[in-house]
Structure formats: structure tokens, C-alpha cells
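Trainee:
There are 2 protein chains.
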Amino acid sequence: MALKRNQTKHERQQKLVAYLDGNPFLTDEELAELLGVSVPTIRLDRLELGIPELRVRTKEVAEQFYGKIRSLGTGELIGDLVDIEIGNRGVSVLEVRPDMVFGKTKILRGHYLFAQANSLAVALINAEVVLTGRAEVRFLKPVLLREKVIAYARVTNRKGNSYFIETTSRVGNTDVFMGKFTVIAKELNDL
Amino acid sequence: MALKRNQTKHERQQKLVAYLDGNPFLTDEELAELLGVSVPTIRLDRLELGIPELRVRTKEVAEQFYGKIRSLGTGELIGDLVDIEIGNRGVSVLEVRPDMVFGKTKILRGHYLFAQANSLAVALINAEVVLTGRAEVRFLKPVLLREKVIAYARVTNRKGNSYFIETTSRVGNTDVFMGKFTVIAKELNDL
DNA sequence: CTCGTATTATTACCAGGTATTAATTAAGAT
DNA sequence: ATCTTAATTAATACCTGGTAATAATACGAG
Numbered sequence: 001m002a003l004k005r006n007q008t009k010h011e012r013q014q015k016l017v018a019y020l021d022g023n024p025f026l027t028d029e030e031l032a033e034l035l036g037v038s039v040p041t042i043r044l045d046r047l048e049l050g051i052p053e054l055r056v057r058t059k060e061v062a063e064q065f066y067g068k069i070r071s072l073g074t075g076e077l078i079g080d081l082v083d084i085e086i087g088n089r090g091v092s093v094l095e096v097r098p099d100m101v102f103g104k105t106k107i108l109r110g111h112y113l114f115a116q117a118n119s120l121a122v123a124l125i126n127a128e129v130v131l132t133g134r135a136e137v138r139f140l141k142p143v144l145l146r147e148k149v150i151a152y153a154r155v156t157n158r159k160g161n162s163y164f165i166e167t168t169s170r171v172g173n174t175d176v177f178m179g180k181f182t183v184i185a186k187e188l189n190d191l
Numbered sequence: 001m002a003l004k005r006n007q008t009k010h011e012r013q014q015k016l017v018a019y020l021d022g023n024p025f026l027t028d029e030e031l032a033e034l035l036g037v038s039v040p041t042i043r044l045d046r047l048e049l050g051i052p053e054l055r056v057r058t059k060e061v062a063e064q065f066y067g068k069i070r071s072l073g074t075g076e077l078i079g080d081l082v083d084i085e086i087g088n089r090g091v092s093v094l095e096v097r098p099d100m101v102f103g104k105t106k107i108l109r110g111h112y113l114f115a116q117a118n119s120l121a122v123a124l125i126n127a128e129v130v131l132t133g134r135a136e137v138r139f140l141k142p143v144l145l146r147e148k149v150i151a152y153a154r155v156t157n158r159k160g161n162s163y164f165i166e167t168t169s170r171v172g173n174t175d176v177f178m179g180k181f182t183v184i185a186k187e188l189n190d191l
């Protein structure tokens, strides 16, 4: 009953899910190549697993995005914006997913905390182009897989088109990260 | 010369752009219906306006989103390590891809420079776990799409299990980023 | 009426599928 | 060695939402 080929059907289907998890934009042909089986087999597997075709998957991803936070020129923000008062203060939430942590320790890699705070700081400034000039940051405590990081940012000063922004990131009641950013607002023509 | 139908070509094309701006998931057939012209006309309009077909538009939106979530890759290092002397110095190269830049300006988003330098700094330290403690960084000059950023890092000091690392990132002969990082080496059991 | 632009229609082709039916293969049981 | 059955592959017709190219038609100005 249980056939032993190179891989069992079940193994292959698990790999298929893993591949699509890593990259939902793979065609059946590419998947067939990756898994060493024919295209019809991939189709049957998708059917059994209830996985829709490439174009549907793509659209689902796109619609998620489009429905979510098209407010600012998004795609530019790390984390989800939950509250913002342009030119003043803002809050964003980042949920730590497996691909963001170090393999061994499950600790969030530092640059995600930086990216969340930095992009929130940039989002606060209402200009065509906002660039980070400098930053001073402190990593206070490791953040772990599945934790939720809430970043708070507020503009504390302004000189011409330079803004000074302070951020604090928390997990629960614990501070995990603090940053001071200087960002510069520019218009598209003065580049 | 100027034909006066229900609407001019120009009016219609403006409406077309407006419709797609509001909802990028409209097919040519739906647009034709909305604007009261034939499908071929819509195609010609898109051609003139340089607007890609539905599936391409959908994919672009989806990739923006996907790029945002997974932007900071899965490897532990951002950029490619080209030279390293553990405990002392290292060099990594990062090529700026479309998903790393701001849509409008094609300028590399700051946290990539941070991530490259930070992960290089971490790579220099030979310990089971290395965490960033603090950082002070300066963004000197915008980096553009397709440019190659070379990050140089060296350990300048050490106190117990704290290391002080300075980095400089260059595009060609131009400095684009500088950073000072303090990283802390830990063993797995003392977490 | 005629010229030129705009529009519409038609046709052949493509990717990436769905859905179905049939043929082939692999491997364990007898 | 053959029988059996699931798994796999092949083959075919059809679908959407297009590209690209060409031809036919409408329409208004001169």
C-alpha cells in the first residue's frame, strides 16, 4: 500500500507548501521542476491541498496589501501603522515572524527594530521625499519570536527641513529599543 | 481636427487613469464598460499611457506588499560577504534591487544600509550569540537603484564581551554611510 | 467629396491555468 | 511471476485576460 519512491506523496506536498510559503509567486511548472515531478502532479497536489492557482494567490496577496494600509505611500513602512498624527506622533506594531529571527536563539534581528522605528519616523514627516540623516539607537532587551513590538515616535524638534524624532519600542510594558533620528524633508525637484 | 464625440480622447484617458488609481484590479472589459468604448480602445489608451495589463498591475501591488514584509531577507547577513577576518575586519557588498528603494525616488531605504553594516558588524564577532547593544549612524548620501554598496567594518575596541565596531559604506569612491556599533557576545546558556 | 484621425473589429498567438479522461508506472500482496 | 491498486503522467478541450498586427469603418474639418 505505502509506496516508497524517492519521496512520498505526503513529503512532496509538505515541500510544496513550504516552497509556496517562501514564495507564493511560483508557477506550477517551476514547482514541478523544484519537486522533480510532472506539472499534472503539481496540479493534483494543489487540488488536494486546496491551494489556488498562481494568479489567484497573487491577487490575494495584492488585495491584502491594498485593503490594509494604502494611506501613506505604503510598502515603505515596516510594521503596521495603527495611529498617526502627521508632523507630531505615531504608533506602529510589528509582529515578530519566524523569518525575522536568528535561527538558533529565536531573537529578533536588530535591524528590524531599527527599520520599524526608522520607517515610522519617516512616515511622520509630510513631504514628498524624506531621508534619514542620522540615528542613535539603543537595543535594550532581546525580542523573541511571536512577540509584538509597539513603536511610539514623536517629533521633538524642527530646524528648517530637518526634524528630530524620538522613538521608544515596547513589548508589553518593557522597553526594548530607543532611538533618536534626524530626518530631512526634500521636494522631488531639489534632488 | 478636434472630434467632438461624447468625450474627447484626452478626457477618457484621464478618467481611465482615475479609475485605475481607485482600483487597479479592473479588467479592460470592465474599463470599456465604464467608459462606454470598446475593449480595443482601452488597450490603445493603456498603450499610449504606458499602463501595464491587469495581471502585471496586480503582481506589482503584491510584490510591494511581499517586499515589505520580507524585505530584510532570510539569511543572517544582509549583503554578500566578500572578505572577512574574524574578530578584526570584514567587507560586504550589497546590490540595490528594485524592492529596496522608495517607489518615487528610487532611493535606497535607509534601513538597508543599517542592516548591511549591522549584520557585518555582528558577523565579525565569533560567538554563539551576538547582539547589537547600541549604534550611532550617519546617512551621508542617497544611494540609488542598481548601485553597489560596499561596507567595510573593523573592530576598534573590546571590553570583556562588548565589542566596538566602526563601519563605512561606499558607492564607488563616495562615502554614503558611517556607523559605530557596540555589540555584545553571549553564550547560549547565559540567556 | 476627400483626407486624416479615432475607433472598432478580426485574427493569430500567448501564459497559466481548469477539468476530464485515458494510459502508464511502481511496488506490495498473493 | 502476475495481479492489484494507488500514484503519476499524458492528452485534450476549454477559459481569462491579455499582446500584436491588420483591416474596416465612422466622423468631422477643410
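Order-wise, the sequence lines are chains A and B. Here this note's numbering is used: the first residue of the first sequence is 1, the next is one more, and so on. Here this note's numbering is used: the first residue of the second sequence is 1, the next is one more, and so on. C-beta atoms are modelled at their ideal positions from N, C-alpha and C, and glycine is treated no differently. All figures in this text were calculated on a predicted structure; none of them were measured in a lab.
Can residue 51 of chain A be considered in contact with the ligand COA, in the sense that its beta carbon sits closer than 8 Å to one or more heavy atoms?
Mentor: Among the ligands in the structure shown, none appear at all, so the ligand COA cannot be discussed.
Trainee: Is the CB of residue 53 of chain A under 9 Å away from at least one CB in chain B?
Mentor: In the first sequence, counting from the first residue as 1, residue 53 of chain A sits at position 53. Cβ-Cβ to chain B under 9 Å: no for residue 53 of chain A.
Trainee: Would you say residue 131 of chain B faces chain A, with C-beta separation under 9 Å as the test?
Mentor: Residue numbering aside, residue 131 of chain B sits at position 131 when the second sequence is read from its first letter. For residue 131 of chain B, the answer is yes, since a Cβ of chain A falls inside 9 Å of its Cβ.
Trainee: So, does the CB of residue 15 of chain A fall closer than 9 Å to a CB anywhere in chain B?
Mentor: Counting from one through the first sequence, the residue named residue 15 of chain A turns up at place 15. No, residue 15 of chain A does not count as interfacial toward chain B.
Trainee: Assign residue 127 of chain A to one of three DSSP states: helix, strand, or coil.
Mentor: In the first sequence, the residue the question calls residue 127 of chain A occupies position 127. Here residue 127 of chain A sits in coil by DSSP.
Trainee: What residues in the stretch 131-165 of chain A have a beta carbon less than 7 Å from any beta carbon of chain B?
Mentor: Listed in sequence order: 131, 132, 133, 134, 135, 136, 137, 138, 139 and 142.
Trainee: Quick check on the burial criterion: 16 or more other C-beta atoms within 10 angstroms. Buried or exposed for residue 27 of chain A?
Mentor: Within the first sequence, residue 27 of chain A is the residue found at index 27, counting from 1. By the neighbour-count rule (16 or more Cβ atoms within 10 Å), residue 27 of chain A is not buried but exposed.
Trainee: Going along the chain, which residues of its own chain have a beta-carbon closer than 6 Å to the beta-carbon of residue 89 of chain B, five neighbours each way excluded?
Mentor: Numbered from its first residue, the second sequence carries residue 89 of chain B at position 89. Only 154 meet the Cβ criterion.
Trainee: Among the residues of its own chain, which have a CB less than 7 Å from the CB of residue 98 of chain A, if the five just before and after it don't count?
Mentor: Taking the first residue of the first sequence as position 1, residue 98 of chain A is located at position 98. Here the set comprises 145.
Trainee: Please determine, among B:165, B:143, B:120 and B:14, the residue with the shortest C-alpha to C-alpha distance to residue 109 of chain B.
Mentor: Walking along the second sequence from the start, residue 109 of chain B turns up at place 109. Measuring from the Cα of residue 109 of chain B, the nearest candidate turns out to be B:143.
Trainee: Does any residue of chain A bring its CB to less than 9 Å from the CB of residue 10 of chain B?
Mentor: Working through the second sequence from its first residue, we reach residue 10 of chain B at position 10. By this cut-off, residue 10 of chain B is not an interface position.
Trainee: Have a look at residue 8 of chain B and residue 50 of chain B and give me their C-alpha separation to the nearest angstrom.
Mentor: The residue labelled residue 8 of chain B in the question sits at position 8 within the second sequence. The residue labelled residue 50 of chain B in the question sits at position 50 within the second sequence. Their backbone Cα atoms lie some 19 Å apart in a straight line.
Trainee: Bridge partners of residue 62 of chain A, per DSSP?
Mentor: The sequence position of residue 62 of chain A within the first sequence is 62, counting from 1. In DSSP, residue 62 of chain A forms no bridge with anything.
Trainee: Per DSSP, what kind of secondary structure is residue 141 of chain A in: helix, strand or coil?
Mentor: Reading the first sequence from its first residue, position 141 is the one you call residue 141 of chain A. Reduced to three states, the DSSP call for residue 141 of chain A is coil.
Trainee: Beta-carbon separation of residue 137 of chain B and residue 117 of chain A under 9 Å?
Mentor: The residue labelled residue 137 of chain B in the question sits at position 137 within the second sequence. The residue labelled residue 117 of chain A in the question sits at position 117 within the first sequence. Their beta carbons are not under 9 Å apart, which means residue 137 of chain B does not touch residue 117 of chain A by this criterion.
Trainee: Spatial neighbours of residue 34 of chain A within its chain, please: CB distance less than 7 Å, with the 5 preceding and 5 following residues excluded, ordered by chain position.
Mentor: Sequence index remark: in the first sequence, residue 34 of chain A carries index 34 (1-based). Once the five neighbours on either side are set aside, the close Cβ partners of residue 34 of chain A are 19.
Trainee: Determine the chain A residues that contact residue 106 of chain B at a beta-carbon separation under 8 Å, and present them in chain order.
Mentor: The residue given as residue 106 of chain B occupies position 106 in the second sequence. In chain order: nothing, as chain A lies at least about 10 Å away.
Trainee: Against chain A, with Cβ distances strictly below 9 Å, would residue 63 of chain B count as a contact?
Mentor: Looking up residue 63 of chain B in the second sequence gives position 63. Yes, residue 63 of chain B counts as interfacial toward chain A.
Trainee: Given residue 29 of chain A, which residues of its chain have a CB within under 7 Å of its CB, disregarding the five upstream and five downstream residues?
Mentor: Here residue 29 of chain A refers to the residue found at position 29 of the first sequence. Excluding sequence neighbours, residue 29 of chain A sits near 39.
Trainee: What separation, rounded to the nearest whole angstrom, lies between the Cα atoms of residue 114 of chain B and residue 149 of chain B?
Mentor: Here residue 114 of chain B refers to the residue found at position 114 when the second sequence is read from its first residue. Here residue 149 of chain B refers to the residue found at position 149 when the second sequence is read from its first residue. Approximately 12 Å, taken between the alpha carbons.
Trainee: Whose Cβ in chain B lies nearer than 9 Å to the Cβ of residue 119 of chain A?
Mentor: Working through the first sequence from its first residue, we reach residue 119 of chain A at position 119. In chain order: 109, 110 and 111.
Trainee: Alpha carbon to alpha carbon, how far is residue 104 of chain A from residue 13 of chain A?
Mentor: Numbered from 1 along the first sequence, position 104 holds the residue referred to as residue 104 of chain A. Numbered from 1 along the first sequence, position 13 holds the residue referred to as residue 13 of chain A. The straight-line gap from Cα to Cα measures roughly 27 Å.
Trainee: If you follow the alpha helix (DSSP H) that residue 15 of chain B is part of, which residue opens it and which one closes it?
Mentor: In the second sequence, the residue the question calls residue 15 of chain B occupies position 15. Note, residue 15 of chain B: alpha helix (DSSP H), 9-22.
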